[in-house]
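The sequence shown begins at 4 in the working numbering and counts up by one. In this text, a Cβ means the ideal position worked out from N, Cα and C, and glycines have one as well. Quantities reported herein were computed from a predicted structural model and do not represent experimental measurements.
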Amino acid sequence: MIISVASGKGGTGKTLVATSLALSLKDAGPVALLDCDVEEPNAHILLKPEIAGREPVNMPVPVVDLDRCTYCGECARVCAYNAIAVLGKHVLTFPQLCHGCGACSYLCPEKAISEEPRQTGIVEWGDAHGVRLVHGILTVGEAMAPPVIRKVKERTGDRPGGIVIRDVPPGTSCPVVEAVQGSDFCLLVTEPTPFGLNDLALAVETVRELRIPCGVVLNRAGIGDAGVEEYCLQERIPVLLTIPLHMEIARLYSRGITLVEGMPYWKERFQRLFDRIKEIVHEGSRSLKR
Ligand code: SF4
Ligand code: SF4
């Protein structure tokens with residue numbers, strides 16, 4: 004079972020939910036928490052794993068052999084990302100724009116382009132409280148998060164029948180799509196304010212396009228208005244968990260303590276949340292078979 008925990012914007016409590024969900028389920032089977040927010044991973048601050056391994060994430064970028072190049076311009080024409088340009092007797096490459104698709108080297112008529120790896124980030128993993136944590140770190144100044152996220156997703160380890168929880172980057176752009184793709188369910192964490200509602204509606208659009216069933220966690224309940232609940236009712240999206248605005252919860256988070264460690268009675272609530280998700284996923288697969 005793969006559950007993504009996403010939100011339309013940062014700071015809604017996504018990591019608070021993802022870490023506590025992971026810790027609450029570790030008795031139900033092997034659990035892996037993948038922190039796919041590679042621009043700013045922070046699940047490790049709460050889980051404090053001992054890092055057991057790391058590997059670089061490399062992207063193949065073109066290198067042009069000017070002795071073979073005839074400056075025909077074909078490579079620049081096929082590059083959809085403007086990462087290579089031919090100006091007179093010069094070929095310029097822009098590695099930070101390159102998506103590593105290989106089209107230029109494949110289509111160069113003179114076979115003048117080879118590829119060399121360029122590191123864009125790293126992936127690290129380790130265990131904490133019986134949970135496998137994997138996170139990616141995008142190199143500062145790099146723009147291409149998806150390849151690092153893909154590597155994080157590959158690193159779940161051999162855990163047949165296990166539970167995988169993905170902490171998704173905020174927003175609704177390519178890194179979000181990459182992180183959520185392939186999930187069985189997506190939990191959308193939001194807060195009951197007009198901003199929360201606006202970002203939730205955008206996130207719902209994204210997961211619906213990906214045809215992934217979703218449900219809402221309402222965080223900091225007690226502030227704002229009833230707009231999010233009304234929207235969920237209207238869109239038939241279940242509100243699966245409500246976390247109140249509570250000074251003690253904020254205090255725990257700011258000290259790097261997960262909700263279920265600081266307030267153990269939350270464990271049962273997260274377990275019930277998981278049971279509801281299983282029911283929804285099961286119901287969805289049954290109706291697909293009908
Ligand atoms: S396609 Fe090959 S030969 Fe043509 S300009 Fe590019 S590198 Fe040079
Ligand atoms: S590998 Fe792809 S993205 Fe990179 S320069 Fe070549 S065509 Fe462009």
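Within the segment 211 to 252, the alpha helix (DSSP H) runs of at least 4 residues that lie entirely inside it are, in chain order, 230 to 238.
With fewer than 16 other Cβ atoms from the protein chains shown falling within 10 Å of its own Cβ, residue 146 counts as exposed. Buried is the label assigned to residue 194, since at least 16 other Cβ atoms lie within 10 Å of its Cβ. Residue environment for residue 92: exposed (fewer than 16 other C-beta atoms within 10 angstroms of its C-beta).
Listed in chain order, the non-local C-beta contacts of residue 11 below 6 Å within the same chain comprise 202, 203, 205 and 206, local neighbours out to five positions each way being set aside. Under a 10 Å Cβ-count criterion, residue 94 is classified as buried, with 16 or more other Cβ atoms of the shown protein chains found around its own Cβ. Here the segment 126 to 136 does not lie against the segment 99 to 108, with fewer than 3 beta-carbon pairs under 8 Å apart. Under DSSP, residue 189 shares a beta bridge with 7 and 217. Inclusion of residue 224 and residue 255 in the CB contact set at 9 Å is not warranted, their separation being larger than that value.
Nearest to residue 59 by alpha-carbon distance, out of 184, 69, 112 and 124, is 124. Sequence-distant partners of residue 187 (beyond 5 residues in either direction) whose C-beta falls short of 6 Å from its own C-beta, in its chain, are 4, 5 and 284. Counting the other Cβ atoms within 10 Å of the Cβ of residue 70 gives fewer than 16, which makes it exposed.
Annotation note: the segment 114 to 165 contains the following uninterrupted beta strand (DSSP E) runs of length 3 or greater, listed N- to C-terminal: 116 to 131 and 134 to 141. Partner residues in the beta bridge of residue 37, as assigned by DSSP, are 137 and 169. DSSP, read as helix, strand or coil, puts residue 58 in strand.
Cβ neighbours of residue 121 within its own chain (closer than 7 Å, five residues either side excluded): 61, 62, 64 and 98. Of the heavy atoms belonging to ligand 2, none sits nearer than 8 Å to the Cβ of residue 123.
Counting along the chain, the unbroken beta strand (DSSP E) around residue 93 starts and ends at 93 to 96. Counting only residues of its own chain and dropping the five nearest sequence neighbours on each side, residue 76 has a CB closer than 8 Å to the CB of 89. Beta-bridge partners assigned by DSSP to residue 88: 95. Taking a 10 Å sphere around the C-beta of residue 46, we find 16 or more other C-beta atoms and assign the residue as buried.
In this structure, residue 273 and residue 263 form a Cβ contact; the two beta carbons are roughly 6 Å apart against a cut-off of 8 Å.
Annotation for residue 47: the continuous alpha helix (DSSP H) segment containing it runs 46 to 50. Around the beta-carbon of residue 288, fewer than 16 other beta-carbon atoms lie within 10 Å, marking it exposed. Assignment of beta-bridge partners to residue 178 by DSSP yields no partner. Going by C-alpha positions, residue 196 is about 43 Å away from residue 82. Note on residue 185: under 16 other CB atoms within 10 angstroms of its CB, so exposed under the neighbour-count rule.
When DSSP states are grouped into helix, strand and coil, residue 63 belongs to the strand group. In the three-state reduction of the DSSP assignment, residue 53 falls in the strand class, which pools E and B. Excluding five sequence positions before and after residue 38, the CB atoms of its chain that fall closer than 6 Å to its own CB belong to 44, 46, 138 and 170, given in chain order.
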